Every structure is written in structure tokens, then in C-alpha cells.
Amino acid sequence: MDKQPNDSFFIIEGFKLKIPTEVYKPSDDTYLLIDNLHVKKGEKVLEMGCGCGIVTLIAAKKAGKVVAVDLNPYAVQTTKENVKLNGLEGKVEVRIGNLFQPLNSNEKFDLIIFNPPYLPTSKGDKVGGWLEKAWDGGPNGRKIIDRFIDEVEKFLNKKGRILMVQSTLSNVEKTIQRLTEKRFKVKILGRKNFSFETLICFEALKI
Numbered sequence: 103m104d105k106q107p108n109d110s111f112f113i114i115e116g117f118k119l120k121i122p123t124e125v126y127k128p129s130d131d132t133y134l135l136i137d138n139l140h141v142k143k144g145e146k147v148l149e150m151g152c153g154c155g156i157v158t159l160i161a162a163k164k165a166g167k168v169v170a171v172d173l174n175p176y177a178v179q180t181t182k183e184n185v186k187l188n189g190l191e192g193k194v195e196v197r198i199g200n201l202f203q204p205l206n207s208n209e210k211f212d213l214i215i216f217n218p219p220y221l222p223t224s225k226g227d228k229v230g231g232w233l234e235k236a237w238d239g240g241p242n243g244r245k246i247i248d249r250f251i252d253e254v255e256k257f258l259n260k261k262g263r264i265l266m267v268q269s270t271l272s273n274v275e276k277t278i279q280r281l282t283e284k285r286f287k288v289k290i291l292g293r294k295n296f297s298f299e300t301l302i303c304f305e306a307l308k309i
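Per my numbering, the very first residue in the sequence shown carries number 103; after that it's consecutive.
Structure (C-alpha cells):
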């Protein structure tokens, strides 16, 4: 990540980005997702939890349309500004809301991308602010992941797919099991190991 003289501006993957303090800055999980992101020309893509918008911008290079969603109003405004900053207004629509709430029930996508809040948290953790919502996964790290799995199938086209990153701290095996039970074919695309966790990036294909 190349930081610019103004602390809130960055160049990432060739894109100019404004990232305020209230918005999650791209980290190891973001880059693992980016390394395994493959968008086919003309696809309709949804990024759930868009943050600063870097993944949305990369997807928009090939996608026909990208819808970017976030609960954090600062993230929504930031993504809108970064889309405009990089001249991609015609290909990206940014919406505010909780998971699939801002979507119409008949909207479907070829690819849904999600870097969910996956870190287990307790009552003693400071998780009240907008920034913390990007990583606060609740007591077992799965409070958002399980809700996403419950709903995602309704918004996928036939043979649509999910690209997702998750930590072993929040039971990746359970995520894969639940998706398999819903008739998804899951493939591990990449891993990044740390002393206390492993980040896993996987694709789930609707079959």
C-alpha cells in the first residue's frame, strides 16, 4: 500500500483511494480476496461490505455492473467518492443497508463477494463504533456469516458463485459444511498463515 502525503489518501492496485478513519483499511484479508478475484466480462457482481471500495473498483474493470453494499454510512460515502475519483460511476451503484436488506427480492448476481466480520468478540471488547463493525463477528465470530449463508442463495443466478474470505478463528469448516448442505460446490483458493489464525479464501459455486 503506497501512502500519499495526505494520510487519508492511498494508491492501491493502481486506484486512487480516500480512506477516512471510520472505514476499514485494506489488510491481509482484503489482499487475499483480491489475489483470488476473477471477474468475467459483463458479469453482474455484488460486493457485500464494500468498505473503502477497492474490491468493487477492481471488479468493475471487467464486470458489466457492480452493486456495493455496506452498513457503515462512512463506508458508503467513501466508496461513492472513490468510484467517482476513478471514473467508474457508470458501472457501480452503492447502497447502504444491513446485508441483503437494500436489495430487491428479484435481484440476482453472477458473483457475490464477501469479506465478513469474522473475529470472535466478547462483552469486554470495544465494538461500538462503525470501524469495529467491519470485524466484530460476535461471540463465535459467526453472527454475520450465518445470516449471510441463510440468504445468499436467493440472490445468485444459476451457476452463480460466492467469493469469500474467513478466519479459522470463526470455524471455516462449519461455513463450508453449511454451504455444501445448500448444494454449493466449495473450492479453497488460497490461504495466509499467521501465528494465531489462518485466513482462508474460497469460492462456492451454486450447482
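C-beta atoms are modelled at their ideal positions from N, C-alpha and C, and glycine is treated no differently.
From a predicted model like this one, the values you see are computed outputs, not experimental measurements.
Alanine 306 carries a strand assignment under DSSP once its states are collapsed to helix, strand and coil. Judged by DSSP in its simplified three-state form, leucine 135 adopts helix. The bridge partners DSSP lists for arginine 249 come to none. In the three-state DSSP reduction, glutamate 209 falls in the coil class, being neither helix nor strand. In the structure shown, isoleucine 156 falls within a helical segment according to DSSP collapsed to helix, strand and coil.
Between isoleucine 215 and glutamate 149, the beta carbon gap of about 5 Å places them in contact (Cβ cut-off 8 Å). Membership of valine 194 in the beta strand (DSSP E) is indicated by the continuous run 194-198. Straight-line spacing of the CA atoms in valine 168 and valine 288 works out to 23 Å. Within a 10 Å sphere around the beta-carbon of threonine 180 sit 16 or more other beta-carbons, which makes this residue buried.
Glutamate 149 is bridged by DSSP to Ala170, Ile215. Burial of asparagine 184 is indicated by the presence of at least 16 other C-beta atoms within 10 angstroms of its C-beta. In the DSSP assignment, valine 125 falls outside any alpha helix (DSSP H) and carries neither an H nor an E.
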